[in-house]
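For what it's worth, our numbering labels the leading residue of the sequence shown as 8, then goes sequentially.
Cβ coordinates follow ideal geometry from the N, Cα and C atoms, glycine included.
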Amino acid sequence: MLAIKVLLVDDDESLLKLLSIRLTAAGFELQTALSAEDALSRLPLFKPHVIVTDLQMGGMDGLALFDVVHQQYPTLPVIILTAHGTIKEAVNATRKGVFGFLTKPFDSKELVQQIEDAVRFSGATEAEEPNEQWREEIVTRSSLMNELLNQTKRVAQLQMSVFIEGASG
């Protein structure tokens, strides 16, 4: 299995450094961003398996970041951290599709477990492993089709029904 890539977003530089040390020690490949806007600019090149973001930041907050990420990368799990979280905020975030919602202070082991669970659930690292025998007879040059095939592989590993609709042809 490949190293799990985490994009860590928080406008508190000291907390960002502390979490970076702990997550790197846990074996994750890490990039940090001091704002949601910076995080969005890093996404295409870094291609994280999971995003961990603070809820309340200057400018775009963590839920707004989730909304943008979810539009562009619907299978990318997001975990939100907050010092002032309410049950209502946690329920709202979960309904929107946020994978996890942790209230500060939290045990770093709990965050590590949430990250591992999020990646396991999304199947992100398995989709990048080199065994691509299942795709040998599918011919495509389209990046959109390749992304669709990767999503299909991740969904196929889940125990759930899937309804696909659209134009045929």
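Going by DSSP, I58 is part of the beta strand (DSSP E) stretching over 57-61. Counted as a single uninterrupted DSSP element, the stretch harbouring K54 is not any beta strand (DSSP E), since DSSP gives it neither H nor E. By the C-beta density criterion, V146 is exposed, having fewer than 16 other C-beta atoms within 10 angstroms. Non-local C-beta neighbours of L23 in its own chain, meaning closer than 6 angstroms and more than five positions away in sequence, comprise D17, T39, ordered along the chain. Around the CB of I122, 16 or more other CB atoms lie within 10 Å, so the residue is classed as buried.
Look at G65 here: in three-state DSSP terms it is coil, with no helix or strand label.
Around the Cβ of V169, a 10 Å sphere holds fewer than 16 other Cβ atoms; the residue is exposed. DSSP places V169 in the coil class of the three-state scheme, outside both helix and strand.
Secondary structure note for T110: it is in no alpha helix (DSSP H), and the uninterrupted beta strand (DSSP E) holding it is 107-110. Within the model, the alpha-carbon separation for M67 versus R49 is close to 15 angstroms. For the 8 angstroms CB-CB criterion, L37 and L9 do not form a contact. With 16 or more neighbouring CB atoms inside 10 Å of its own CB, G69 falls in the buried class. Sorting V57, L41, D45, P81 by C-alpha distance to the C-alpha of Q120 places V57 at the top. Taken through DSSP and simplified to helix, strand or coil, A10 comes out as coil. For L37, the pairing in a beta bridge is given by DSSP as V13. Counting C-beta atoms within 10 angstroms of its own C-beta, T89 has 16 or more neighbours from the protein chains shown and is therefore classed as buried. By DSSP's assignment, I87 forms a beta bridge with T60, F108.
Taking the Cα positions, R127 is about 12 angstroms away from T82.
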